[in-house]
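Residues in the sequence shown are numbered consecutively from 13, following the working numbering.
Everything on this sheet refers to the single structure shown next.
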Amino acid sequence: MSTITLAGDYRSALTHFAQYGLASLAEQYHPQGVTLGWSREAVPKAQITVKGANAHTLACYLHGLANQLSKMESWVQICNTYGAKSVSPFSPRVSKISSPSDWKRHQKIRQDMIDKLTQEKDYLSLCWISSLGEASYWFSEKTRKDKKNYQDSGASRWEMADRGSGREFVHYRLRRMCEEVATWPIEMITNGIIGIEVNDTIGKNAPDSWTATGFTTPRPTDVSLVLSAMIGMSWFPVVHNVNGLSVTPGAWPSNDVAPENLVLPLSIENIKPARLRTVLRSRVFAAIINHVCYEEPETGVSGDKETFKAYGSREQLKAHGMEAVVRFPVKTVRTKSNAYRFIQEGEPVLL
């Protein structure tokens with residue numbers, strides 16, 4: 013049994029998501045031997061305990077996945093042409109698709125690949141695709157006319173790629189990171205995920221590097237750690253809403269395309285990935301998020317209504333070993349031609 017301590021600490025959303033992603037990879041090879049937890053120190057660090065594996069082993073798994081997704085037949089590599097643009101049909105936010113024939117081709121490519129992944133039992137990719145969300149084609153003609161960016165309503169709130177110049181997440185961020193990490197030696201990946209080195213080969217270690225793709229403030233960030241965090245998005249399946257914005261777990265408010273906060277649980281004991289996934293997707297946790305983030309305009313504290321609703325939820329979470337959550341402010345930066353967001357440093361909130 014080996015305990016792997018990851019780069020960063022509980023105040024970094026990048027660390028939380030990377031923990032989820034690496035745990036998912038480990039589960040594929042050690043289905044009964046993976047737990048997650050946090051070190052017992054003043055500033056807790058994310059840990060993964062894996063029976064029969066260490067940090068080098070996890071790095072090998074990440075390298076293998078990067079190689080797999082770099083192959084031309086993978087879902088990360090597929091592109092489709094919409095008008096004059098070639099983009100990934102698996103990116104949830106893409107330039108406007110106006111032609112009915114383009115929509116049909118878009119859906120056909122997605123459905124064929126999902127069928128293929130299902131036959132191959134590639135459940136990680138299936139969960140990942142589900143959690144990215146998709147361009148929302150299901151709105152009525154009236155809604156399409158009234159709502160300028162209706163297509164983005166089906167996207168995950170944690171897909172935060174800069175859309176400047178028509179760029180999109182899978183083609184310009186995920187694919188590039190897979191192809192980059194696939195060229196790395198295993199030791200380089202190992203050092204990145206445990207925090208010995210920061211290899212920002214994509215952002216050239218620029219002070220305002222956007223390699224983190226919103227998981228932390230712009231700064232030099234290790235590419236292998238970010239790829240791990242992107243895999244961690246698979247724990248947050250998007251719940252689609254026929255008449256409005258789809259819901260992304262952890263986001264508050266849930267009905268805003270630009271959430272103000274991300275809330276994640278903090279466990280005092282080692283827990284199985286399945287339990288933590290269940291918590292993240294539960295109504296109980298949604299009630300806690302509302303309690304933690306909701307403030308009365310005049311007092312600046314949670315209202316009685318939210319406190320009452322959250323009491324039972326708080327007790328249920330504590331029974332699962334969750335004594336606190338971390339609230340991360342999400343900053344949205346708007347320019348004349350674009351808007352992008354990133355998750356800032358989190359603060360603990362005791363339950």
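Heads up, the beta-carbon is just placed ideally off N, CA and C, and yes, glycines get one too.
Going by DSSP, name the residue or residues bridged to residue i.
| i | result |
| --- | --- |
| P277 | V337 |
| G49 | Q59 |
| S98 | T93 |
| A351 | R346 |
| S14 | V62 |
| W264 | N273 |
| A224 | Its beta-bridge partners do not exist; DSSP assigns none. |
| V259 | V251 |
Do residue i and residue j have their C-beta atoms closer together than 8 Å?
| i | j | result |
| --- | --- | --- |
| D212 | V193 | no |
| L37 | I201 | no |
| F102 | V182 | yes |
| S14 | A78 | no |
| V62 | I16 | yes |
Once DSSP output is grouped into helix, strand and coil, what is the label at residue i?
| i | result |
| --- | --- |
| W247 | helix |
| N302 | helix |
| N79 | helix |
| G33 | helix |
| W115 | helix |
| V238 | helix |
| K343 | strand |
| G145 | strand |
| I214 | coil |
| E359 | strand |
| V313 | In this predicted model, V313 has a pLDDT of only 45, less than 50, meaning its place in the structure is not dependable enough to derive any value. |
| A67 | helix |
| A54 | coil |
| A331 | helix |
| I126 | helix |
| A167 | strand |
| Q40 | helix |
Measuring only the C-alpha atoms, how far is residue i from residue j?
| i | j | result |
| --- | --- | --- |
| K330 | S51 | 18 Å |
| Q40 | K133 | 11 Å |
| Q31 | A58 | 7 Å |
| R353 | D124 | 32 Å |
| Q89 | C190 | 10 Å |
| V46 | V304 | 29 Å |
| W140 | M245 | 7 Å |
| I300 | V361 | 10 Å |
| E209 | S98 | 35 Å |
| K116 | K128 | 18 Å |
| W264 | Q80 | 34 Å |
| N108 | T69 | One detail in the question is off: residue 108 reads as Lys in this sequence, not Asn. When rounded, the distance between both Cα atoms is 42 Å. |
Cβ of residue i within 7 Å of any heavy atom in the ligand MG?
| i | result |
| --- | --- |
| V238 | Annotation note on the ligand MG: not contained in the displayed structure, which lists no ligands. |
Report, in whole angstroms, the separation of the C-beta atoms of residue i and residue j, which I expect to be a contact under 8 Å.
| i | j | result |
| --- | --- | --- |
| G333 | E281 | 4 Å |
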